[in-house]
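The structure appears right after this line, and notes come after that.
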Amino acid sequence: MNLHELNTQARAGRIDELNLIAIEGGDYLLEARSHGHAHALTDARGTRLKVHSVEQAHLLLEGLPQMPMHLVHWSVQDEMCGMASVVEEDLKVPLSSRSAR
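Residues in the sequence shown are numbered from 1 upward in steps of one, following our numbering.
Have a look at this one:
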């Protein structure tokens, strides 16, 4: 899903939330969720959008309708050797208004 499609879907009320997913190296990927399905946000070439900060994500999404947005850190429990098979939830923190001004 590119930003134009996101804008169209959000204006139609079809986007449940946006997730800013922390990845290795301090970058973030953007994901839109609609009716329980995740849609990676992409640029005009179809490459996944990667941002370097929460502020950069806010700037990228400027002008889009307001919708719930979360910062997501995946659980590291499943990647660690020797950890018990305990179900761990990802850390999902709501972000306040997209405007940092």
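Using N, Cα and C, we set each Cβ at its ideal position, and we do this for glycine too.
At what residues does the alpha helix (DSSP H) containing Ala22 begin and finish?
Taken as a continuous stretch (DSSP letters only), Ala22 belongs to no alpha helix (DSSP H), being part of the beta strand (DSSP E) at Glu17 to Ala22.
Note down the Cα distance separating Glu41 from Leu30, rounded to an integer number of angstroms.
According to the sequence shown, residue 41 is Leu rather than Glu. Those two C-alpha atoms are separated by around 6 Å.
Would you call the CB atoms of Leu3 and Ala57 closer than 8 Å?
No.
Apply the 10 Å Cβ neighbour rule to Leu59 and answer buried if 16 or more other Cβ atoms are within range, or exposed otherwise.
When all chains shown are included, Leu59 counts as exposed.
Helix, strand or coil: how does DSSP classify His52 here?
Coil at His52, not helix or strand.
Just to check my reading of the structure: Ala38 and Leu6 have Cβ atoms closer than 8 Å, yes? What is that Cβ distance to the nearest angstrom?
Their Cβ separation, rounded to whole angstroms, is 13 Å, which puts Ala38 and Leu6 out of contact at 8 Å.
Taking only the alpha-carbon atoms, compute the straight-line gap between Ile23 and His73 and give it to the nearest angstrom.
Cα to Cα, Ile23 sits roughly 8 Å from His73.
Note down the Cα distance separating Thr8 from Arg48, rounded to an integer number of angstroms.
About 19 Å.
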